[in-house]
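Participant:
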Amino acid sequence: MDELLVLENGRIIDPSSGVDSVGSLWIKNGKIVDAEDFVPSDARRIDVHGCWVVPGLIDMHVHLRDPGQEYKENVETGTNAAAAGGITAVACMPNTTPVNDCAEVTRYVLERAQGCRARVYPVGAVSRKSAGKEIADYAEMKDAGIVGVTDDGLPVIDSQLMRRAMEYAKSHGLFVMSHSEEYALSRGGCMNEGEVATRLGLKGIPNAAESIMVFRDIALAELTGCHVHFSHISTKESLDLIRQAKGRGAKVSAETSPHYFTLTDKAVEGYNTSAKMNPPLRSEEDRQAVIEALADGTLDAIATDHAPHTELEKDVEFDLAANGIIGLETSLSLSLELVREKKIDPARLVELMSVRPAQILGVRGGSLAPGDVADVTVIDPDAEFTYNVNMVVSKSKNSPFLDRALKGRAKLTIVDGRVVYQL
Amino acid sequence: MNENYQFKHRHIFGIEQMSSEDIQFILQTAASFKEISNRPIKKVPTLRGKTIINLFYEPSTRTRLSFEIAGKRLSADTFNISASTSSAQKGETLIDTVRNMQAMNPDIIVMRHSSSGAPNLIANKINASIINAGDGAHEHPSQGLLDMMTVLEKKQRLDGLKIAIIGDITHSRVARSDILGFTRMGSEVYLAGPATFIPPGIEKMGAKVCNSVAEAVTDADVVMALRIQKERQNDPLIPSLREYAIRYGINNRLLGLAKDDVVVMHPGPINRGVELNPDVADGKRSVILDQVTNGVAVRMALLYLVMGGEKGSEG
Chain A
0 MDELLVLENG
10 RIIDPSSGVD
20 SVGSLWIKNG
30 KIVDAEDFVP
40 SDARRIDVHG
50 CWVVPGLIDM
60 HVHLRDPGQE
70 YKENVETGTN
80 AAAAGGITAV
90 ACMPNTTPVN
100 DCAEVTRYVL
110 ERAQGCRARV
120 YPVGAVSRKS
130 AGKEIADYAE
140 MKDAGIVGVT
150 DDGLPVIDSQ
160 LMRRAMEYAK
170 SHGLFVMSHS
180 EEYALSRGGC
190 MNEGEVATRL
200 GLKGIPNAAE
210 SIMVFRDIAL
220 AELTGCHVHF
230 SHISTKESLD
240 LIRQAKGRGA
250 KVSAETSPHY
260 FTLTDKAVEG
270 YNTSAKMNPP
280 LRSEEDRQAV
290 IEALADGTLD
300 AIATDHAPHT
310 ELEKDVEFDL
320 AANGIIGLET
330 SLSLSLELVR
340 EKKIDPARLV
350 ELMSVRPAQI
360 LGVRGGSLAP
370 GDVADVTVID
380 PDAEFTYNVN
390 MVVSKSKNSP
400 FLDRALKGRA
410 KLTIVDGRVV
420 YQL
Chain B
0 MNENYQFKHR
10 HIFGIEQMSS
20 EDIQFILQTA
30 ASFKEISNRP
40 IKKVPTLRGK
50 TIINLFYEPS
60 TRTRLSFEIA
70 GKRLSADTFN
80 ISASTSSAQK
90 GETLIDTVRN
100 MQAMNPDIIV
110 MRHSSSGAPN
120 LIANKINASI
130 INAGDGAHEH
140 PSQGLLDMMT
150 VLEKKQRLDG
160 LKIAIIGDIT
170 HSRVARSDIL
180 GFTRMGSEVY
190 LAGPATFIPP
200 GIEKMGAKVC
210 NSVAEAVTDA
220 DVVMALRIQK
230 ERQNDPLIPS
240 LREYAIRYGI
250 NNRLLGLAKD
260 DVVVMHPGPI
270 NRGVELNPDV
280 ADGKRSVILD
290 QVTNGVAVRM
300 ALLYLVMGGE
310 KGSEG
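Going line by line, the protein sequences match chains A and B. Residue 0 is where the first sequence starts when you use numbering that gives the first Met the number 0, and the numbers rise one by one after that. Residue 0 is where the second sequence starts when you use numbering that gives the first Met the number 0, and the numbers rise one by one after that.
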């Protein structure tokens, strides 16, 4: 028997086909279909009046901590958190224990993802054990299911290794995600360098620690012709470099995270370890530059860098605390703030959170055209709520946005035609 | 001072939390306690029955001894714990350590820690009052207060003075507490040192950054030299102690640019011949040992005030 679902009276926003109109979306057996392919009488009907119906959101930068640090998160809890945030697919970083640097680990992650509430796309390691010494076996990982490579969490310090990684990745149809950090400048730092760090007596990390490495990896992208994607971009200078590189036609793309366009380093005041991440929260000038780059296309994607940590890692001295915050459940709401402030329009939001991530990862989704996979997010842009610790779905609760009043959230998350989350 | 003024701080994290009235009140209280240390019987019953733990995660001679003497002269029971003898080496977290201490019901924990903000971390986990005895590069409030007390004694005022601080501001919690304190009391603070020692945005704390030591010292009422922290030489901050001593060390020739009644201060311990020429350290302008004496009085005042400023069992 056919599985039929119709979402009625929603505002369908599908930038890939230029659609932005009120109507119905028909889903049959996990695919978007035309109205005529549909037998309305036996369909499940959901009225989504007042809501936006958009291609399923894709978060291309997530730490699921599985295998190895399941006390922080695992594939199931992480994808549950994704579903609750309206996210239908995640790309998971390889800095697990062991590192995802071989087909066995890739397969393990994908097996764990079976039956979960969001699609999982593993990203493999650039170097074996992410030790920065020799490149990992990309071909066998690709066959097992990776979509790209990165040593995320660590920079690839050796420029020659990065060059070879790009060349080898390109041969196998993979892209390279750059965790851009010049370690000699960032080492020992625990927040943005500047007035706030000086007052708190914390060692700062200058913007140049990021942009120096962005510059290098743009140069290597142009040298090798490999597609390089810049992760978690936080500074004005990096964005200027990426904008120039794109202007020259370099094969580069870039993401930022909601915290970089929502918060500044002032959030660290009081030694708040929930505001500690790498790269660190930057200045107001950088925050404005990030917003501008989201609007003008310099940035391609909003990705969370969802980084679960427990109080073991976070309820400690600030300089000793782990970097990173959870983000899957707040990404959409925080991004909608930009829409309300008229920094970006709803179609651009969908490009940043679905269309471009699908293209960069080379995966299905990002579109609501008939025949496409039925990964759909229904957004209630007016739903107001206060994000509190009791509603956190992720195993870890390390968010600087706890107790923040938010507006707009996922009402329905649909993966493969199946409702995986309903508000 | 406003006659309705009340000291309201239960914890002392830094000068940043203090109003000019708070500072004035602490210094007045310290001045009233100072005389106790000159008595033949150097003890008053003010904090009798109170328990004070000096929890030191970093080496300290002067500050720890000063807090211990301050507590004992107020009749409190004081206990010293240093990182080398504590559970820190067994991997216990800071919060667990202080929760265990809390279970023994101390009234005050005086803490020194290498991590900026460590006192803030533990303050809301326990009932005892916390006094920061130096946290990372953040603040060293009792040092800032004893510096202000010493200057007030010598100059009879804290407003309208020119205070020059020379040295490694970046890594100095003393500099931060002094900048905040002296500017809050109406003085101007001038900083000098190589750019490797000047942290970005320090002007926002109210200090002025000078291009040369001479500029900072010219017409200064107070010249304070900071210790060169030799253990930081893995970060190339200065080429050599020799070059630093020649370019940035305080000597009598340099002091000729300052006001005639300039006083020279140093938070100790001194690297003789590096940041201070020995002639200066031992000279008539040096008030370094007055600082140490006042340290006891200031710490007595802080211990007394965080306990609510009320007398102990003897009323």
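No residue lacks a Cβ here, since even glycine has one placed at the ideal position from N, Cα and C. Computed from a predicted structure; not experimentally measured.
1. Going straight from the alpha carbon of B:Asp259 to that of B:Thr217, what length do you get?
2. Between B:Ile11 and the ligand FAD, is the CB less than 7 Å from at least one heavy atom?
3. Given a cut-off of 8 Å, decide if B:Leu157 and B:Ser186 are closer than it, judged by their beta-carbon atoms.
4. How long is the line joining the alpha carbons of B:Cys209 and B:Phe181, rounded to whole angstroms?
5. With distances taken Cα to Cα, identify the nearest neighbour of A:Val52 among A:Gly9, A:Lys30 and A:Ser126.
6. Alpha carbon to alpha carbon, how far is B:Leu93 from A:Lys71? Give it in angstroms, no decimals.
7. For B:Gly180, which three-state DSSP category applies?
8. DSSP on B:Leu190, reduced to helix/strand/coil?
9. Compare the C-beta of B:Arg9 with all C-beta atoms of chain A and state if any pair is closer than 8 Å.
10. Please report the residue range of the beta strand (DSSP E) in which B:Glu67 lies.
11. Does A:Ile57 come out as helix, strand or coil in the three-state DSSP assignment?
12. If you compare alpha carbons, which of B:Ile237, B:Ile121, B:Met184 and B:Tyr243 is closest to B:Phe12?
13. Which word fits A:His48, buried or exposed, when buried means at least 16 other C-beta atoms lie within 10 angstroms of its C-beta?
14. Over what stretch of residues does the alpha helix (DSSP H) that includes A:Tyr107 continue unbroken?
15. Among all the DSSP beta bridges, which residues are the ones paired with A:Ser446?
16. Can you check which of these residues, B:Ala213, B:Arg183, B:Tyr243 and B:Leu26, is closest to B:Thr195 by C-alpha distance?
17. DSSP puts A:Pro121 in a beta bridge; with which residues?
18. What residue from B:Arg172, B:Ile165, B:Lys124 and B:Ala127 has the CA that sits closest to B:Pro140's CA?
19. Which one of B:Ala296, B:Tyr303 and B:Gly308 has the shortest CA to CA distance from B:Asp146?
20. At a Cβ threshold of 8 Å, is A:Arg111 touching chain B?
21. Would you identify the three-state DSSP class for A:Thr255, choosing helix, strand or coil?
22. Among B:Gly70, B:His10 and B:Tyr56, whose alpha-carbon lies nearest the alpha-carbon of B:Thr44?
23. By the criterion of Cβ-Cβ separation under 8 Å, what are the contact partners of A:Val464 in chain B?
24. Excluding sequence positions up to five away, which residues of its chain have a Cβ less than 6 Å from the Cβ of A:Glu383?
25. Return yes when the Cβ of B:Arg246 is within less than 8 Å of the Cβ of B:Val263, no when it is not.
26. Does any residue of chain A bring its CB to less than 8 Å from the CB of B:Ala136?
27. What does A:Leu319 touch in chain B if you count any residue whose Cβ is under 8 Å from its own?
28. Under 7 Å Cβ to Cβ from A:His308, same chain only, skipping five residues before and after it: list those, please.
29. Give, in chain order, every unbroken run of the beta strand (DSSP E) that is at least 3 residues long and sits entirely within the segment 119-185 of chain B.
30. If you compare alpha carbons, which of B:Arg61, B:Gln23, B:Ser239 and B:Asn131 is closest to B:Glu2?
31. Tell me, please, whether the CB atom of A:Arg198 is closer than 8 Å to any CB atom in chain B?
32. Would you mind working out which of B:Ala191, B:Leu253, B:Ala257 and B:Ile178 sits nearest B:Met17, comparing C-alpha positions?
33. Under 8 Å between the Cβ atoms of A:Ala253 and A:Thr297?
34. Nearest-angstrom Cα distance between A:His178 and A:Thr303?
35. Within 8 Å (strictly less), CB to CB, does A:Glu340 reach chain B?
36. Spatial neighbours of A:Thr95 within its chain, please: CB distance less than 6 Å, with the 5 preceding and 5 following residues excluded, ordered by chain position.
Facilitator: This is what the structure holds:
1. 11 Å
2. With respect to small molecules bound, the structure shown includes none, and the ligand FAD cannot be examined in it.
3. yes
4. 17 Å
5. A:Gly9
6. 21 Å
7. helix
8. strand
9. no
10. No beta strand (DSSP E) holds B:Glu67; the alpha helix (DSSP H) holding it covers Arg61 to Arg72.
11. strand
12. B:Ile121
13. exposed
14. Ala102 to Ala112
15. Because chain A is modelled from 0 through 422, residue 446 of chain A falls outside the range shown and cannot be assessed.
16. B:Tyr243
17. A:Cys91
18. B:Arg172
19. B:Ala296
20. no
21. strand
22. The residue asked about is misnamed: residue 44 of chain B is Pro in this sequence, not Thr. Per the Cα distances, B:Gly70.
23. The structure shown does not extend to residue 464 of chain A, since chain A is modelled only from 0 to 422, so the question has no answer here.
24. Lys406
25. no
26. yes
27. Ser114
28. Lys71, Ala321, Gly323, Ser395 and Asn397
29. 128-134 and 161-165
30. B:Gln23
31. yes
32. B:Ile178
33. yes
34. 14 Å
35. no
36. Pro66 and Gly67
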